[in-house]
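Below is one structure, written out as structure tokens; comments come after it.
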Amino acid sequence: MSETISRVRQLTEKGAKMEGWDDCWKAGLTPWDRGSSLPVLCELCKEDALPKGYALVPGCGRGYDVLTLASESRVAIGLDCSEEAKKQAEQLRDSRGISSERAQFVIGNFFDFPFSQKFDLVYDLTFFCALPPESRSSWATRMKDIIQVGGELVTVIFPIGDYEGGPPYAMSLDLYRQYLEPLGFESFYMKNISDQLPPSSIFVRWKLCHLK
204 MSETISRVRQ LTEKGAKMEG WDDCWKAGLT PWDRGSSLPV LCELCKEDAL PKGYALVPGC
264 GRGYDVLTLA SESRVAIGLD CSEEAKKQAE QLRDSRGISS ERAQFVIGNF FDFPFSQKFD
324 LVYDLTFFCA LPPESRSSWA TRMKDIIQVG GELVTVIFPI GDYEGGPPYA MSLDLYRQYL
384 EPLGFESFYM KNISDQLPPS SIFVRWKLCH LK
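When we follow our numbering, the leftmost residue of the sequence shown carries the number 204, and every step to the right adds one.
Structure below.
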């Protein structure tokens, strides 16, 4: 384990301490920050293949994915628990001349934030893998509650592996299926993106087909 990852786990108390994530941002301990959106997301946006309307990016960090998703036909909202991350995200948005109406950033807890609408699209890049295992069931239920029936959840399954501890916690496709399928989510698109996010990762699109 790298010294940086070890320090992140210490500050966040293995992902359970929200204020620890702000400490990481202030200290520049952000090994998850790649500096841009994944090419696969950029391609889907360019092809206009993702749902329009309202999109949410939980754990948005510096907001690259929010800015990628924001468009004339889509309002993208980035949620994070770090004030420092929000500050940096807004600075990046403003430097790119993107409308603050189309790309919004808010501070709060994903599990109880009072969203004013349901979402047509939620993009989870490295949010699920940062949560302690005891929060996984609540994550899935919350996704079901905030996504429109017929709406879409996009997940990046990363890091794929079999090891103890986190964050990031070891992920697998079966783990996502375990929590999402019983609630009415069905996967309809999968792509191995290990070349974009090594050593091993899968990009999966899920549709909330019905409520259970």
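Using N, Cα and C, we set each Cβ at its ideal position, and we do this for glycine too.
- Taking 8 Å as the cut-off, the Cβ atoms of A258 and P335 do not count as close.
- In terms of CA proximity to L241, I405 leads the group I405, E304 and H413.
- Going by DSSP, M393 is part of the beta strand (DSSP E) stretching over F388 to N395.
- Partner residues in the beta bridge of P261, as assigned by DSSP, are L282.
- The count of Cβ pairs closer than 8 Å, one atom from the stretch 340-356 and one from the stretch 317-330, reaches three, so the stretches are in contact.
- Beta-bridge pairing by DSSP links D398 to no other residue.
- With contacts defined by Cβ atoms closer than 8 Å, V359 and L328 form a contacting pair.
- The stretch 208-228 and the stretch 354-372 touch, with no fewer than 3 CB-CB distances between them shorter than 8 Å.
- Restricted to the stretch 204-230, the alpha helix (DSSP H) segments that are unbroken, complete and at least 4 residues in length are 206-214 and 221-230, listed in chain order.
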